[in-house]
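All you need for the numbering used here is the position in the sequence shown, starting with 1, plus 246.
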Amino acid sequence: MGVTKLWEVIDPAKRSYTLEEISADRANRDNRHQLFIAIDIALWTYQANSSKGGKRPQLRLIFYRFCRLFELGIRAVFVFDGPNRPTFKRDREISTIPANSEFRRTVIALAKLFNFFVWHANGEAEAECAALERLGFVDMVMTGDVDAFLFGAKRLIRQWPTKRHSPVPCYDMAWITDTTGLDRSDMILIALLRGSDYHHGGERVGIRVAEGLARCKKHLPLMEAVQRAKQDQSNVEEDAIESLSQQLIEDLQYELAHGSQGHLSMQYSQIDLDDGHFPDRRILDDFVHPETRIANTTTRDLEQWINSENSVDLAEIAHFCKVVFEWPPKYLVRRFQNLLFHAYLNQHLRNLASTPSDAVAEPMSSQQKRRKKSESSSSSSQQTYIQSQIGSFFGVSKGGYNDRSIMSSQPKPDILHIRNQKVLGNVLLYHVDFDLHLLDDFTATITSKLEHADEKYAQLLDPECASQGMDDTNGANGVEEEQEDQGDTIEPEKLCRKWMLADLVAMAFPTMVSKFKQTVSSKPKSTPKKPTRKKSPKDKGKGVQTKLTDYIIPKTTASDTVVVLDDD
247 MGVTKLWEVI DPAKRSYTLE EISADRANRD NRHQLFIAID IALWTYQANS
297 SKGGKRPQLR LIFYRFCRLF ELGIRAVFVF DGPNRPTFKR DREISTIPAN
347 SEFRRTVIAL AKLFNFFVWH ANGEAEAECA ALERLGFVDM VMTGDVDAFL
397 FGAKRLIRQW PTKRHSPVPC YDMAWITDTT GLDRSDMILI ALLRGSDYHH
447 GGERVGIRVA EGLARCKKHL PLMEAVQRAK QDQSNVEEDA IESLSQQLIE
497 DLQYELAHGS QGHLSMQYSQ IDLDDGHFPD RRILDDFVHP ETRIANTTTR
547 DLEQWINSEN SVDLAEIAHF CKVVFEWPPK YLVRRFQNLL FHAYLNQHLR
597 NLASTPSDAV AEPMSSQQKR RKKSESSSSS SQQTYIQSQI GSFFGVSKGG
647 YNDRSIMSSQ PKPDILHIRN QKVLGNVLLY HVDFDLHLLD DFTATITSKL
697 EHADEKYAQL LDPECASQGM DDTNGANGVE EEQEDQGDTI EPEKLCRKWM
747 LADLVAMAFP TMVSKFKQTV SSKPKSTPKK PTRKKSPKDK GKGVQTKLTD
797 YIIPKTTASD TVVVLDDD
């Protein structure tokens, strides 16, 4: 989506992390325990359309992703395309009026039950996502549209992971500039030359030609003038832009004919940019000064949500699933225990992290010292290592830590035993046995509203769709569901045995973690011999990138010759 083949140009700057690594890193910063991401819902909608089987399979895929976001402590802003998008896209006319479909209504309702924020864009969702990130409301953007960088996004996750602990492609404008030498203004010129969703670009201009011309930096005076034009709307500035546009055409035409700067593989004298359409001023203005709702609307509701409690209503979510997916109560309980109990336990640890449960009787000063000591101990040192590697992937968003209990009236959870530890990717995990009363509390919560009247959610549904689809209890699961659902009923003891983020466990139960580390350190270290074999020529280059540090390029200041458009 977006500028054709631009992903290939910036691919050398790609870094691979798991959502677990990214969310764990954010969880250890500023004691916030939450990662804010603006998500372009259009990509998820497109992917959901390929889901099959069961009642409302498209919505069910979205539900499973919501469960994962909740488990990881990620607070998402879901951005929907607005009515002011261009009406012509990829050579065909499109409707820009948001459809009042069952899918849209149910996605919005479910997102609010998970306490995610729903934001309706003025036009393109990716432009709105970029604005939310630039203004510091979110930490990064998740979209498959490369145009987000042209609209000003700085940190981007390209896709949803295929499974747990699966790396996803991550990009940062600093990495792109350091690796490829291209900045935002260069990519805008590539879009003008190569074409994007809403215009064709220059005739016979391929991606490599457009990239080579962008590296010549002939467009910088024009980009700077367009940037200033928003503040100075005088005829003088407009005349300057027209003059600079003509100068750009002449400079690029000369470069195509002679290749004087060495960025083109050959001469392209047959390409004519002086056709009356380049550079397209409307497209240029859209990229440099995108019209976004956040620029014209109060952000009071968004700011209140960012600073509010992360209250997820599990009882209402269960009632929603009973009505919309037509899950019988017994079946629903099993599915929720498999899907959301882990998230429920994670949430408890986040809540308890601010008041460790095995230190509540201590004086505040002593408690703070213990927490600080715990955070600087072994598990935290692992997290510090992660921070040192992916630190440049985060900016500072506006949210403050205020993530209070979703079940504040319930007794604090008890950890019976820490069984083991392991590192997945670069995330340290503890294998923890939780007390069975937590499972009882969870089950009581999700069943508390199942007998309520169904009209509240039934009115979201289209009557003609009510009988469509197989019963989910017959095993009609999509691919993503099969990865999440365990299928058969699991014994309560096994359900209460989970791999948990070590830092959260350490902050919530510092004494227990301290004892566990003493036990681990007292055990003799075994060094089992690994089978070795002689490396063949085919093995050359394999196994080189084994640590997160191998994926990182340190964030540096771009050269003075590279001009990045201002964010204002």
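Ideal placement from N, C-alpha and C gives every residue a C-beta, glycine not left out. All figures in this text were calculated on a predicted structure; none of them were measured in a lab.
Could you pull the DSSP bridge partners for R321 from this structure?
Beta-bridge pairing links R321 to F282.
Using C-beta distances below 7 Å, list every residue in its chain close to L741, excluding the 5 sequence neighbours before and after it, in chain order.
These residues qualify, in order along the chain: Q583, F587 and L685.
Note down the Cα distance separating K301 from V570, rounded to an integer number of angstroms.
A straight-line Cα-Cα distance of about 8 Å links K301 and V570.
Cα separation between W365 and T538?
Rounded to the nearest angstrom, the two C-alpha atoms are 11 Å apart.
Given this structure, state the Cα-to-Cα distance separating S768 from A752, to the nearest angstrom.
Near 19 Å, if we compare the C-alpha coordinates of A752 and S768.
Taking only three categories from DSSP, how would you classify S415?
Looking at the sequence provided, one finds Pro at residue 415 rather than Ser. Reduced to three states, the DSSP call for P415 is strand.
If we ignore side chains and look at the alpha-carbon of each, how far apart do G458 and P415 end up?
When rounded, the separation of the alpha-carbon atoms in G458 and P415 is 25 Å.
Using only the alpha-carbon positions, how far apart do W290 and Y703 sit?
Rounded to the nearest angstrom, the gap between the Cα atoms of W290 and Y703 is 22 Å.
Within this structure, are the beta carbons of R331 and G369 separated by less than 8 Å?
Against a cut-off of 8 Å, the Cβ pair of G369 and R331 comes out as a contact.
What residue range is occupied by the uninterrupted beta strand (DSSP E) comprising K744?
Looking at the DSSP string, the run of the beta strand (DSSP E) that includes K744 is R743 to L747.
For K668, which three-state DSSP category applies?
Residue state, collapsed to three classes: strand.
I'd like the list of long-range same chain contacts for Q656, defined as Cβ closer than 8 Å, with 5 residues on each side in sequence excluded.
Note that Q656 scores 42 on pLDDT, short of 50, meaning its location in the model is unreliable and no value can be drawn from it.
For the alpha helix (DSSP H) that contains R474, what are its first and last residues?
Looking at the DSSP string, the run of the alpha helix (DSSP H) that includes R474 is L466 to A475.
How is M386 classed by DSSP in three states: helix, strand or coil?
In the structure shown, M386 sits in a strand (DSSP, three-state: E or B).
Under 6 Å Cβ to Cβ from T818, same chain only, skipping five residues before and after it: list those, please.
What is shown of the chain runs 247 to 814, which leaves residue 818 out entirely.
Provide the residue(s) that pair with L519 in DSSP beta bridges, ordered along the chain.
Beta-bridge partners of L519 (DSSP): none assigned.
Going by beta-carbon coordinates alone, are E379 and A399 separated by less than 8 Å?
Result yes, Cβ atoms of E379 and A399 sit closer than 8 Å.
What is the DSSP secondary structure of W290, counted as helix, strand or coil?
DSSP places W290 in helix when its eight states are reduced to three.
Start-to-end residues for the alpha helix (DSSP H) that takes in Y514
Counting along the chain, no alpha helix (DSSP H) covers Y514, and no H or E run does either.
Give every residue of the same chain whose Cβ lies closer than 7 Å to the Cβ of Q507, excluding the five residues on either side of it in the sequence, and list them in chain order.
By the criterion of a C-beta distance shorter than 7 Å, Q507 is surrounded in its chain by C462 and E501, once the five residues flanking it on both sides are discounted.
Thinking C-alpha only, which one of S296, V384, A471 and E266 is nearest I285?
For the options S296, V384, A471 and E266, the alpha carbon positioned closest to that of I285 is the one of V384.
Return the chain-ordered list of same chain residues with a C-beta closer than 8 Å to the C-beta of T250, the five sequence neighbours on each side being excluded.
Counting only residues of its own chain and dropping the five nearest sequence neighbours on each side, T250 has a CB closer than 8 Å to the CB of R440, G441, S442 and I453.
Tell me whether I268 sits in a helix, a strand or coil according to DSSP, three-state version.
The answer is helix: DSSP assigns I268 an H, G or I state.
Selected residue, minimal CA-CA separation from F524, among H446, A377, N295 and R272
Answer by Cα proximity: H446.
Beta-carbon spacing of A460, I495 below 8 Å
No, they are not a contact pair.
When the Cα of N672 is compared with those of K695, F309, R596 and D749, which residue comes out closest?
Closest by alpha carbon: D749.
Taking DSSP as the reference, what is the three-state secondary structure of I736?
Reduced to three states, the DSSP call for I736 is coil.
Find the nearest neighbour of L682 within the set V669, K761, P770 and L591, judged by alpha-carbon distance.
When each option's Cα is compared against that of L682, the closest is L591.
Collapsed DSSP secondary structure at V392 in the structure displayed:
Looking at V392 - three-state DSSP - the assignment turns out to be coil, as it is neither helix nor strand.
If distances are taken between C-alpha atoms only, which option among A471, R311, P467 and L305 comes closest to A589?
Minimum Cα distance to A589 is reached at R311.
Please name the residue in F755, D521, L381 and Y444 whose C-alpha comes closest to that of F815.
This structure leaves residue 815 out entirely; the chain is present only between 247 and 814.
To which residues of the same chain is A503 closer than 8 Å at the C-beta, ignoring the five residues directly before and after it?
Excluding residues within five positions, the ones whose Cβ falls inside 8 Å are Q513, Y514 and S515.
Using the beta-carbon count (16 or more within 10 Å), is E254 buried or exposed?
When all chains shown are included, E254 counts as exposed.
The beta strand (DSSP E) spanning H677 covers which residue range?
Unbroken beta strand (DSSP E) run through H677: V673 to F680.
Residues in its own chain within less than 7 Å of P413 by CB, not counting five upstream and five downstream?
Within the same chain, Cβ atoms closer than 7 Å to the Cβ of P413 are found at S262, Y263 and T264, the five residues on either side in sequence being excluded.
Just how far apart, CA to CA, sit L498 and L530?
In a straight line, the C-alpha of L498 is about 17 Å away from that of L530.
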